[in-house]
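*Asks:*
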Amino acid sequence: MDAVSAVVGLKKAVNTFTDAVDEALSDIKSDIGLYMKSIESDMYEGAEGSLQDVARMGYTTIETDSYFGGRIYDLKPEDFRRAADKAGLKITSAHLRKFYDNDLPEQAEDTAGGQEVKADAAAAPEAAGTARQTAAADKETAATDTPAEDPVMKWWDEALDTHRRLGCRYIVISRLPDALTPETAESYAGYFTRIAEKVRQREMQLCLHPSRRELTAAEGVSVFDTLAAHMPEDKVWFELDTREAHEAGIDMVSMLKHYKGRVLLLHLHDFGIATESGLIDFDKIVTEAIAAGVKDIFVEVRSYTLPPKNCIERSIYNLESLPSLRY
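Heads up, the sequence shown is in this note's numbering, so the first residue is 3 and it goes up one at a time.
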């Protein structure tokens, strides 16, 4: 146990060392992260103390999910980074989401005059009308050679710059819009690819996190599969969730094999405390995930049989006993 404690302590101290040290330790199986949505109420009540508690449990990385008004868990980004550093936690990943008001992504194309905006035929009439107005405005702007700033893309630029400063390696888009269907997926794929390029410019990687709805096949085709087929493999990757896949009737092991190399992140998410439902074979999934190239693993708890902090503590304890994650 002393040796294990030393390894975990060393991993937590990596924030103060060079990236070379981090790379040298990357094969040590002590990096289990926490998706902070799991203890969101605790974070708003006291972020610094909660981060300290998370680190004491043995977590070494975190994935955030609370960026509103330029703040993270109601803290200035620099204050949140300072609190995470103090706890010895690396801010590895962040969930962000931003869509157009009409929930229809504008799709940019290279044209002689500037930007052309397309509306999906299946969209509501008012959404299509808004898209046509935007296209007309773009043409007028192009004629004056003073391009208008897209407020949604401006939001993404600011958010991505903020999270790059936090040290994030991955940006995750989850809670995909309700308008996303197999028919509209190609249009959304263009929107996500635009964001992915901005993420890549900041030396991070974009991942999509599909829910049960996107994973569930209708007439043999799922929204997720359609999206994946229309996004470049070298720009958009995935974060898969064990519970969402189970609820969609997906064999996670087969899915990891199918998308080998494109799944960078994994949520170990059960129907309560991790491993205790008996419905999900976490050991088999983690073993396949490592073989498929998954880089980071995060615990997620969203159904509570105990206070949230007790649930995440028992979850990491249970998971660290698995052969696939044992030291």
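Ideal Cβ positions, reconstructed from N, Cα and C, are used throughout, including at glycine. Values in this document were obtained by computation on a predicted structure and should not be read as measured data.
Do R245 and S176 count as a contact pair if the criterion is CB distance below 8 Å?
*Replies:* One-based indexing of the sequence shown puts residue 176 at position 174. One-based indexing of the sequence shown puts residue 245 at position 243. Not in contact: S176 and R245 (Cβ atoms no closer than 8 Å).
*Asks:* Would you tell me roughly how many angstroms separate the C-alpha atoms of M38 and E315, rounded to the nearest one?
*Replies:* Numbered from 1 along the sequence shown, position 36 holds the residue referred to as residue 38. Numbered from 1 along the sequence shown, position 313 holds the residue referred to as residue 315. If you take the alpha carbons of M38 and E315, they lie about 13 Å apart.
*Asks:* In terms of alpha-carbon separation, which member of V255, Y61, D285 and P179 lies closest to F226?
*Replies:* Along the sequence shown, one-based indexing puts residue 226 at 224. That would be P179, whose Cα lies nearest to the Cα of F226.
*Asks:* How would you label D253, buried or exposed, when you count the other beta carbons within 10 angstroms and need 16 or more for buried?
*Replies:* Here residue 253 is taken as the residue at index 251 of the sequence shown, counted from 1. Per the 10 Å Cβ criterion, exposed.
*Asks:* What's the call for I30, buried or exposed, on a 16-neighbour Cβ count within 10 Å?
*Replies:* Walking along the sequence shown from the start, residue 30 turns up at place 28. Note that I30 scores 41 on pLDDT, short of 50, meaning its location in the model is unreliable; the coordinates nonetheless yield the value given after this. Label assigned to I30: exposed.
*Asks:* If I follow the unbroken alpha helix (DSSP H) through D285, where does it start and stop?
*Replies:* On the sequence shown, position 283 is the one that residue 285 refers to. That run of the alpha helix (DSSP H) goes F284 to A294.
*Asks:* With 8 Å set as the bound, which would you pick, yes or no: does the beta-carbon of T94 sit closer than that to a beta-carbon of chain B?
*Replies:* The structure shown contains no chain B; it holds only a single protein chain.
*Asks:* Could you give the uninterrupted runs of the beta strand (DSSP E) lying entirely in the stretch 26-81, keeping only those of 3 residues or more?
*Replies:* Counting only runs of 3 or more, we get 35-37 and 63-66.
*Asks:* Mind checking whether T94 and G51 have CB atoms under 8 Å apart?
*Replies:* Position 92 of the sequence shown holds residue 94. Position 49 of the sequence shown holds residue 51. For T94 and G51, no; Cβs fall outside 8 Å.
*Asks:* So what does V274 bridge to, in DSSP terms?
*Replies:* Within the sequence shown, the letter at position 272 stands for residue 274. Looking at the sequence shown, residue 274 is not Val but Gly. DSSP output for G274 lists D272 as bridge partner(s).
*Asks:* Short check: CB of S279 to CB of D272, under 8 Å?
*Replies:* Counting from 1 along the sequence shown, the entry for residue 279 is found at position 277. Counting from 1 along the sequence shown, the entry for residue 272 is found at position 270. Yes.
*Asks:* Tell me where the beta strand (DSSP E) around F300 begins and ends.
*Replies:* By 1-based counting over the sequence shown, the position of residue 300 is 298. Segment D298 to E302, the beta strand (DSSP E) holding F300.
*Asks:* In angstroms with no decimal places, state the Cα-to-Cα distance between H248 and I282.
*Replies:* The residue labelled residue 248 in the question sits at position 246 within the sequence shown. The residue labelled residue 282 in the question sits at position 280 within the sequence shown. H248 and I282: Cα-Cα distance of roughly 7 Å.
*Asks:* Out of curiosity, what's the CA-to-CA distance linking V296 and E47?
*Replies:* Indexing the sequence shown from 1 puts residue 296 at position 294. Indexing the sequence shown from 1 puts residue 47 at position 45. Rounded to the nearest angstrom, the two C-alpha atoms are 33 Å apart.
*Asks:* Examine the Cβ distances between the stretch 225-243 and the stretch 205-213 and report whether three or more of them are shorter than 8 Å.
*Replies:* With a cut-off of 8 Å, the stretch 205-213 and the stretch 225-243 count as touching, because enough Cβ pairs lie within range.
*Asks:* If I'm right that L182 touches E216 with Cβ under 8 Å, what's the distance once you round it to whole angstroms?
*Replies:* Taking the sequence shown and counting its residues from 1, the one referred to as residue 182 is at position 180. Taking the sequence shown and counting its residues from 1, the one referred to as residue 216 is at position 214. Contact holds; Cβ gap of about 7 Å.
*Asks:* So, at 6 Å on beta carbons, what are the nonlocal neighbours of T228 in its own chain, with the 5 sequence-adjacent residues on each side left out?
*Replies:* In the sequence shown, residue 228 corresponds to position 226, counting from 1. Closer than 6 Å at the Cβ level, and outside the excluded window around T228, lie P184 and A187.
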